[in-house]
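Residue numbers (full-length UniProt numbering): 1 to 383. A virtual CB, placed ideally from N, CA and C, is assigned to each residue, including glycine. All figures in this text were calculated on a predicted structure; none of them were measured in a lab. The block underneath contains the structure these notes are about, expressed in structure tokens.
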């Protein structure tokens with residue numbers, strides 16, 4: 001090693017300073033590559049996040065859709081269940097309460113529901129007000145029985161006091177309620193308005209039976225050509241699947257659709273009165289004599305769900321040609337189960353203003369929008 005002025009001098013690289021640009025270029029390329037990798041990673045991460053967000057959105061939309069479907073399904077089931085329930089409401093205003101003496105009764109007007117007549121009754125006994133729900137036979141039908149759940153209310157305007165909720169079997173004695181609903185003084189002080197007392201009953205019929213009429217068709221184990229059992233209210237009905245499916249979309253879906261019932265040989269139909277179902281099946285099988293004023297409403301109630309065309313047609317024919325039900329009751333049935341043609345024909349039978357007023361007073365709360373609108377038009381022709 002050479003020395004200059006006694007100080008060793010480092011050996012100069014062969015290329016000297018010419019190597020520096022190559023080093024810088026390499027470093028710059030590495031930095032550039034690193035940035036590209038980072039950019040690529042960032043883009044991939046961004047794309048991944050976007051995909052995750054889309055999946056989350058889809059999941060939220062799917063969950064929302066599922067919730068909506070479940071909600072709609074629950075609503076449909078609730079509506080179907082309600083449509084099979086035999087329910088009605090009675091409202092009565094007693095105008096001469098203050099003239100009642102000890103032991104006196106006052107009877108409200110009778111209303112026809114499910115083949116029987118129903119009304120509200122009040123009584124004064126031991127200075128108490130008694131309130132009762134009463135059932136009477138309709139027309140020429142024999143004595144019937146009914147298992148009901150009902151409530152009785154006294155009301156003042158939009159305020160009411162709910163009285164009792166009872167479950168009774170109307171058999172033998174056909175009047176049930178509470179003998180001591182309130183004291184007579186309390187009734188005058190709290191529930192009497194301008195000398196009038198308003199009473200309301202909400203009735204849910206669990207089971208209704210009329211006279212023990214002979215069955216037109218036996219659907220027991222001896223039934224021929226049966227291949228399925230429908231359990232209704234503790235009773236077994238042996239039926240032919242193909243016949244029911246041919247005449248009712250409901251049973252076609254039940255027996256041959258994508259339901260577990262289609263793989264079984266028996267199933268239960270809930271919330272159905274077995275007496276109504278016996279009558280419905282008889283008509284479905286062609287025994288149209290099963291329809292009368294007592295059975296009509298129950299059959300129409302079931303057919304509103306089961307949608308058997310022939311059953312609906314036979315019920316409508318009976319309603320228009322043979323039924324002895326009041327015109328008001330017929331309009332109520334048409335409001336719920338009928339069609340435009342029946343509505344127009346029934347309303348055309350109203351001939352006097354007095355008859356019109358009576359119908360509107362008795363049924364306005366039970367009429368459909370279309371029937372109410374048609375009645376308003378009818379009133380213009382009776383002025």
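(request) Grab me the residues of residue 366's own chain with a C-beta within less than 7 Å of its C-beta, minus the 5 sequence neighbours each way, in chain order. (result) On the chain shown, position 366 is the one that residue 366 refers to. Cβ within range, chain order: 332, 335.
(request) Would you kindly work out how many angstroms separate the C-alpha atoms of residue 317 and residue 346, rounded to a whole number? (result) Locating residue 317 in the chain shown gives position 317, where the first residue counts as 1. Locating residue 346 in the chain shown gives position 346, where the first residue counts as 1. Their backbone Cα atoms lie some 13 Å apart in a straight line.
(request) Could you check which residue in 178, 273, 95, 109 has the C-alpha nearest to that of residue 193? (result) On the chain shown, position 193 is the one that residue 193 refers to. Of the candidates 178, 273, 95, 109, the one whose C-alpha sits nearest the C-alpha of residue 193 is 95.
(message) Do residue 256 and residue 307 have their beta-carbon atoms positioned less than 7 Å apart in this structure?
(response) Taking the chain shown and counting its residues from 1, one reaches residue 307 at position 307. Taking the chain shown and counting its residues from 1, one reaches residue 256 at position 256. Judged by their CB atoms, residue 307 and residue 256 are not nearer to each other than the 7 Å cut-off.
(request) For residue 167, count neighbouring Cβ atoms within 10 angstroms of its own Cβ and tell me buried if that reaches 16, exposed if not. (result) Taking the chain shown and counting its residues from 1, one reaches residue 167 at position 167. Answer is exposed; the Cβ neighbour count stays below 16.
(message) Measuring CB atoms only, is the segment 188-206 touching the segment 82-93, in the sense that at least three cross pairs come out at less than 8 Å?
(response) A contact is defined here as three or more CB-CB pairs under 8 Å, and the segment 188-206 meets this definition with respect to the segment 82-93.
(request) My understanding is that residue 98 touches residue 181, with C-beta atoms under 8 Å, so please give their C-beta distance in whole angstroms. (result) Mapped onto the chain shown, residue 98 falls at position 98. Mapped onto the chain shown, residue 181 falls at position 181. Residue 98 to residue 181, Cβ: 17 Å. No contact.
(message) Considering Cα atoms alone, identify which of 342, 148, 170, 265 is closest to residue 226.
(response) Stepping through the chain shown from its first residue, residue 226 is reached at position 226. Checked all of 342, 148, 170, 265; the closest Cα to residue 226 is 265.
(message) Less than 7 Å between CB atoms is the rule here; does residue 196 satisfy it with respect to chain E?
(response) In summary, chain E is missing from the structure at hand, where a single protein chain is found.
(request) Can you give me the Cβ contacts of residue 203 inside the same chain, cut-off strictly under 6 Å, excluding the 5 residues immediately before and after it? (result) In the chain shown, counting from the first residue as 1, residue 203 sits at position 203. Cβ-Cβ distances below 6 Å link residue 203 to 88, 148, 150 in the same chain, with the five nearest sequence neighbours on each side left out; the list follows chain order.
(request) Could you have a look at residue 116 and say whether DSSP puts it in helix, strand or coil? (result) The sequence position of residue 116 within the chain shown is 116, counting from 1. Shown here, residue 116 sits in a strand according to DSSP, grouped into three states.
(message) Quick check on residue 258: buried or exposed, where buried means 16 or more other Cβ atoms within 10 Å of its Cβ?
(response) Locating residue 258 in the chain shown gives position 258, where the first residue counts as 1. By the 10 Å Cβ count, residue 258 comes out exposed.
(message) Just to confirm my understanding: we take residue 108, look at its own chain, exclude 5 residues before and 5 after, and list those with CB closer than 6 Å. What are they?
(response) Along the chain shown, one-based indexing puts residue 108 at 108. Excluding positions up to five away in sequence, the list reads 92, 119, 120.
(request) Grab the span of the beta strand (DSSP E) containing residue 275 for me, first residue to last. (result) On the chain shown, residue 275 is found 275 positions in, with the first residue counted as 1. Secondary structure note for residue 275: it is in no beta strand (DSSP E), and the uninterrupted alpha helix (DSSP H) holding it is 274-284.
(message) Looking only at its chain, what residues have a beta carbon closer than 8 Å to the beta carbon of residue 314, apart from the 5 residues adjacent to it on each side?
(response) Residue numbering aside, residue 314 sits at position 314 when the chain shown is read from its first letter. Around residue 314: 283, 288, 291.
(message) Between which two residues does the beta strand (DSSP E) holding residue 238 run?
(response) Taking the first residue of the chain shown as position 1, residue 238 is located at position 238. Counted as a single uninterrupted DSSP element, the beta strand (DSSP E) harbouring residue 238 occupies residues 235-239.
(request) Could you pull out every residue in the same chain whose Cβ sits closer than 7 Å to the Cβ of residue 240, ignoring the five residues on either side in sequence? (result) Residue mapping note: residue 240 aligns to position 240 of the chain shown, counting from 1. Here the set comprises 225, 226, 227.
(request) To the nearest angstrom, report how far apart residue 185 and residue 127 are at their CA atoms. (result) Numbered from 1 along the chain shown, position 185 holds the residue referred to as residue 185. Numbered from 1 along the chain shown, position 127 holds the residue referred to as residue 127. Going by C-alpha positions, residue 185 is about 8 Å away from residue 127.
(message) Short of 8 Å in beta carbon distance, which residues of its chain neighbour residue 76, apart from the five on each side in sequence? Order them along the chain.
(response) What you label residue 76 is simply residue 76 of the chain shown in a count that begins at 1. Because the pLDDT of residue 76 is 40, which lies under 50, any placement of that residue in the model is unreliable, and the question is left without a value.
(request) Could you pull the start and end residues of the alpha helix (DSSP H) that residue 313 belongs to? (result) The residue given as residue 313 occupies position 313 in the chain shown. That run of the alpha helix (DSSP H) goes 309-321.
(message) For residue 244, which residues in the same chain have their Cβ closer than 6 Å to its Cβ, ignoring the five residues on either side in sequence?
(response) Walking along the chain shown from the start, residue 244 turns up at place 244. For residue 244, the CB contacts under 6 Å within the same chain, skipping 5 residues up- and downstream, are 251 in chain order.
(message) Short of 8 Å in beta carbon distance, which residues of its chain neighbour residue 253, apart from the five on each side in sequence? Order them along the chain.
(response) Here residue 253 refers to the residue found at position 253 of the chain shown. Within the same chain, residue 253 has close Cβ partners 259.
(request) Let me know the alpha helix (DSSP H) ranges lying completely inside the segment 325-355, each 4 residues or longer, listed in chain order. (result) Taken in chain order, the whole alpha helix (DSSP H) runs of length 4 or more contained in the segment 325-355 are 327-337, 340-348.
(request) Check whether the Cβ atoms of residue 207 and residue 273 sit closer than 7 Å, and answer yes or no. (result) Working through the chain shown from its first residue, we reach residue 207 at position 207. Working through the chain shown from its first residue, we reach residue 273 at position 273. Using a Cβ distance threshold of 7 Å, residue 207 and residue 273 count as a contacting pair.
(message) What residue range does the alpha helix (DSSP H) around residue 299 cover?
(response) In the chain shown, the residue the question calls residue 299 occupies position 299. Run containing residue 299: 296-306, per the alpha helix (DSSP H) assignment.
(message) On a Cα-Cα basis, can you pick out the residue from 116, 267, 379 that is closest to residue 352?
(response) As a position in the chain shown, residue 352 is number 352, starting the count at 1. If we check each option's Cα against that of residue 352, 379 comes out closest.
(request) Following the continuous alpha helix (DSSP H) through residue 221, name the residue where it begins and the one where it ends. (result) Your numbering for residue 221 matches position 221 in the chain shown. Unbroken run through residue 221: none, as it is neither H nor E.
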